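>
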Amino acid sequence: MVYTDSDDTQPPKDSQFLETQLIFSCPPQFAPECNTFKWKVKIRDANGKIQEQTLIAKQVWKLQNCKVIVHFDEDCGQPDEDSGGLLGSWLGQLSNDVNSLPIDYADRRVFAPHRKDKPNVERTHKYKN
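Each residue of the sequence shown is one higher than the one before, counting from 3 in my numbering.
#1: For Q55, which of helix, strand or coil comes out of DSSP?
#2: Which same chain residues end up closer than 6 Å to K136 when comparing Cβ atoms and leaving out the 5 residues on each side of it in sequence?
#3: Who are the near neighbours of G90 in its chain, counting only those whose CB is closer than 8 Å to its CB and skipping five residues on each side?
#4: Counting only the same chain and skipping the five closest in sequence on each side, list residues whose C-beta sits under 6 Å from that of P115.
#5: Considering only C-alpha positions, which residue in the set R46, K60, N67 and G50 is nearest to F39?
#6: Counting C-beta neighbours from all protein chains within 10 Å, is the total for L103 16 or more, i.e. buried, or is it exposed?
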């Protein structure tokens, strides 16, 4: 099949939905609460009492005997709302700490044995080397 440039081509039927047809005067603005990276979440303490707090990801590490309630979207099961944002920020910090979460190994068998046996790391599975 041979393609040639021609002025006789027709626009696609879905051209009204293409992003190239939209006019943007400026990029979309973030919500005001996103500028501070603080998330309004619900916390359950050891007694089961639920309270609302505003947290940043670093403050999650300091929570003692508390759990952050994460809301999930019913349609696709993804974390959403502010609790989903806090979870994403916290996971981002966790992934950057190579001492807590060494994810740079291609195979678990080459992971250093002295790191596997840290007393402060709870393991649910024991692997044979």
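C-beta atoms are modelled at their ideal positions from N, C-alpha and C, and glycine is treated no differently. Since this is a predicted model, take the numbers as computed values, not measurements.
According to the data block:
#1: The residue labelled residue 55 in the question sits at position 53 within the sequence shown. Collapsing the DSSP output to three states places Q55 in a strand.
#2: Given a span of 3 to 131 for the chain in the structure shown, any question on residue 136 remains unanswerable.
#3: Looking up residue 90 in the sequence shown gives position 88. Cβ neighbours of G90 beyond the five flanking positions: P81.
#4: Stepping through the sequence shown from its first residue, residue 115 is reached at position 113. For P115, where only same-chain residues beyond five positions count, there are no Cβ hits under 6 Å.
#5: Start at 1 with the first residue of the sequence shown, and residue 39 comes out as number 37. Just measuring C-alpha positions, the residue of R46, K60, N67 and G50 sitting nearest F39 is K60.
#6: To locate residue 103, count along the sequence shown from 1; it is residue 101. By the Cβ-count criterion, L103 is exposed, with fewer than 16 other Cβ atoms from all chains shown falling within 10 Å of its own Cβ.
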